[in-house]
Amino acid sequence: MSLDPEIFQQLLETVRRFVKERLVPHEADVSRSDRVPESIKHEMRDLGLFGLSIPQEFGGLGLTMEEEVRVTFELGRTSPAFRSVFGTNNGIGSQGIVMDGTDEQKRLYLPRLAAGDIISSFALTEPEAGSDAASLRTTARSDGDFYVLNGTKRFITNAPHADLFTVFARTESASRPEGVVTAFLVDARTPGLSLGKIDKKMGQSGSHTCDVIFEDCKVPASAVLGGEEGQGFKTAMKVLDRGRLHISAFCVGVADRLIADSLSYAMQRKQFGQPIAEFQLIQAMLADSRAESYAAKCMVLETARGKDRGDNVSTDAACCKMFASEMVGRVADRAVQIHGGAGYMEEYGIERAYRDVRLFRIYEGTTQIHQILIARNMVKEALAAA
Ligand SMILES: Cc1cc2nc3c(=O)[nH]c(=O)nc-3n(C[C@H](O)[C@H](O)[C@H](O)COP(=O)(O)OP(=O)(O)OC[C@H]3O[C@@H](n4cnc5c(N)ncnc54)[C@H](O)[C@@H]3O)c2cc1C
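Heads up: the sequence shown begins at 171 in my numbering, then just goes up one per residue.
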């Protein structure tokens, strides 16, 4: 259900102000200290940022997809590390429960996720199963009223802070010798669950990933997401479908911030006796960035509206993720160029953004996986129409 337009406008303005006045001034600190201050996390809770996409009946704001991407355009105007604090609670860490959870699972987890009282993570990737997620090896052996999990999950966002994991594991099946993929909701304190060292990453300091290891980790049968075995892969793909639009919108926000910073720098930096913004070669970079970001924004908004209408937007959402994540990479590269030597220096924050945005082309499906997905759907549609 969409929010009253006036209330939604107020929310947008509040988020815009929060980003500008509270988050932007902390960017350099968060990058240096590799942590987001607790006071900022409290403010995020008070603003309802942990429950943007969680239905109102469970204490969230229940934004439509269009509303969510419009809020995300604003959130993109600061370091991605801030979004990571509440990103998994809104996206991959909660949407499986929202979409496929039992009534009891929804009642148990969603209000606490929406309030930011617990943090959730999505544990699909493994050391030997990345793009080929369906080949995952983590097992869940049925043992009376319990399942016993064994395996390792890799690069799991927010795992060091998580209270709850959605874990994808292979369960036995009478009809399929390789088993089927089932999703489990696993409390982080369950004996047999341990964490690896926090990964050292190229960028996005302040946001953390690590391995999640399961060694004879015993969970009750009630932990099966949706109460039914074999539905896990479908759930994962549905969750990622929605996540693609969110990430695409975030890429647009980051690009717009970089374009604003580049324009402002180009207007005040003088060489050869005039602002570099007056040089046509600089103007070409600014114009290319603006046009590409605008194109991505239109794609994201149109696809989000389609999703709200109930259209199947799988192909278009993949187009958005592929285009927007590649686009923000080009925009960040041009931002460094426009800033010249300053763009390479830590103090200006542009080199940080350049490193931060590199991730968007890799996680929640690489560019190559999206190319494959888009083309495969095109062939399928053509065959169906023939
Ligand atoms: C910071 C970070 C956070 C992450 N957070 C999470 C998380 O919260 N939860 C989670 O489950 N996972 C998470 N991931 C994992 C992420 O989704 C995977 O890294 C990503 O899907 C790619 O898998 P991979 O790293 O194993 O690369 P690989 O699959 O090994 O790919 C390596 C290269 O091969 C290419 N490739 C693979 N298959 C094909 C093909 N068929 N055709 C052409 N090219 C191909 C890829 O595009 C890529 O260029 C995170 C990763 C990072 C880096």
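Heads up, the beta-carbon is just placed ideally off N, CA and C, and yes, glycines get one too.
Is the closest heavy atom of ligand 1 to the C-beta of residue i under 7 Å?
{"i": "residue 534", "result": "yes"}
{"i": "residue 228", "result": "no"}
{"i": "residue 371", "result": "yes"}
{"i": "residue 301", "result": "yes"}
{"i": "residue 262", "result": "yes"}
{"i": "residue 291", "result": "yes"}
{"i": "residue 368", "result": "no"}
{"i": "residue 542", "result": "yes"}
{"i": "residue 224", "result": "no"}
{"i": "residue 538", "result": "yes"}
{"i": "residue 379", "result": "yes"}
{"i": "residue 529", "result": "yes"}
{"i": "residue 294", "result": "yes"}
Restricting to Cα atoms, I'd like to know which of the options is closest to residue i.
{"i": "residue 304", "options": "546, 287, 316 and 339", "result": "339"}
{"i": "residue 328", "options": "343, 378 and 359", "result": "378"}
{"i": "residue 423", "options": "332, 470, 320 and 356", "result": "470"}
{"i": "residue 461", "options": "437, 449 and 497", "result": "497"}
{"i": "residue 197", "options": "375, 480, 241 and 494", "result": "375"}
{"i": "residue 391", "options": "352, 405, 264 and 289", "result": "352"}
{"i": "residue 406", "options": "291, 181 and 217", "result": "291"}
{"i": "residue 364", "options": "554, 409, 284 and 330", "result": "330"}
{"i": "residue 252", "options": "456, 193 and 431", "result": "193"}
{"i": "residue 227", "options": "506, 271, 180 and 276", "result": "276"}
{"i": "residue 230", "options": "238, 410 and 280", "result": "280"}
{"i": "residue 273", "options": "478, 441, 322 and 225", "result": "225"}
{"i": "residue 318", "options": "208, 552, 269 and 362", "result": "362"}
{"i": "residue 341", "options": "320, 530 and 480", "result": "320"}
{"i": "residue 323", "options": "315, 384, 531 and 490", "result": "384"}
{"i": "residue 381", "options": "325, 348, 488 and 431", "result": "325"}
{"i": "residue 394", "options": "411, 271 and 223", "result": "271"}
{"i": "residue 313", "options": "490, 302, 387 and 235", "result": "387"}
{"i": "residue 551", "options": "175, 456 and 482", "result": "482"}
{"i": "residue 489", "options": "443, 505, 500 and 468", "result": "468"}
Closer than 7 Å by C-beta to residue i: which residues in its own chain qualify, once you throw out the five before and the five after it? Chain order, please.
{"i": "residue 502", "result": "428, 523, 524 and 527"}
{"i": "residue 186", "result": "244"}
{"i": "residue 358", "result": "332, 333, 334 and 335"}
{"i": "residue 519", "result": "197 and 198"}
{"i": "residue 180", "result": "none"}
{"i": "residue 399", "result": "341, 350 and 352"}
{"i": "residue 475", "result": "236"}
Put residue i into one of helix, strand or coil per three-state DSSP.
{"i": "residue 320", "result": "strand"}
{"i": "residue 290", "result": "strand"}
{"i": "residue 559", "result": "The structure shown has nothing for residue 559, since the chain only spans 171 to 556."}
{"i": "residue 444", "result": "strand"}
{"i": "residue 190", "result": "helix"}
{"i": "residue 371", "result": "coil"}
{"i": "residue 313", "result": "strand"}
{"i": "residue 175", "result": "helix"}
{"i": "residue 339", "result": "strand"}
{"i": "residue 418", "result": "helix"}
{"i": "residue 556", "result": "coil"}
{"i": "residue 296", "result": "strand"}
{"i": "residue 344", "result": "coil"}
{"i": "residue 332", "result": "coil"}
{"i": "residue 184", "result": "helix"}
{"i": "residue 361", "result": "coil"}
{"i": "residue 306", "result": "coil"}
{"i": "residue 405", "result": "helix"}
If you drop the 5 nearest sequence neighbours on each side, which residues of the same chain put their C-beta closer than 6 Å to that of residue i?
{"i": "residue 485", "result": "544 and 547"}
{"i": "residue 420", "result": "242 and 246"}
{"i": "residue 413", "result": "261, 262 and 534"}
{"i": "residue 337", "result": "293, 354 and 356"}
{"i": "residue 447", "result": "436 and 437"}
{"i": "residue 289", "result": "328, 331, 332 and 333"}
{"i": "residue 373", "result": "525 and 526"}
Spatial neighbours of residue i within its chain, please: C-beta separation below 8 Å, excluding the five flanking residues on both sides.
{"i": "residue 298", "result": "305 and 307"}
{"i": "residue 286", "result": "211, 214, 215, 219, 220, 221, 256 and 259"}
{"i": "residue 130", "result": "Look at the range of the chain in this structure, 171 to 556, and you will see that residue 130 is not part of it."}
{"i": "residue 445", "result": "436, 437, 438 and 439"}
{"i": "residue 492", "result": "537, 540, 541 and 544"}
With a threshold of 7 Å (Cβ to nearest heavy atom), would residue i be considered close to ligand 2?
{"i": "residue 327", "result": "Looking for ligand 2 in the displayed structure turns up nothing; the ligands present are ligand 1."}
* For the region 429-490, which segments carrying the alpha helix (DSSP H) assignment without a break, of at least 4 residues, lie completely within its bounds, in sequence order? -> Here the runs fully enclosed are 450-479.
* Ranges of the alpha helix (DSSP H) found wholly within the region 186-265, counting only runs of at least 4 -> With a minimum length of 4 residues, the continuous alpha helix (DSSP H) runs that stay inside the region 186-265 are 197-203, 208-217, 235-245 and 250-260.
* To do: Please list the segments of the alpha helix (DSSP H) lying wholly inside the region 478-548, counting only runs of 4 or more residues, in order along the chain.
  => Whole alpha helix (DSSP H) segments, 4+ residues: 484-509, 511-514 and 520-526.
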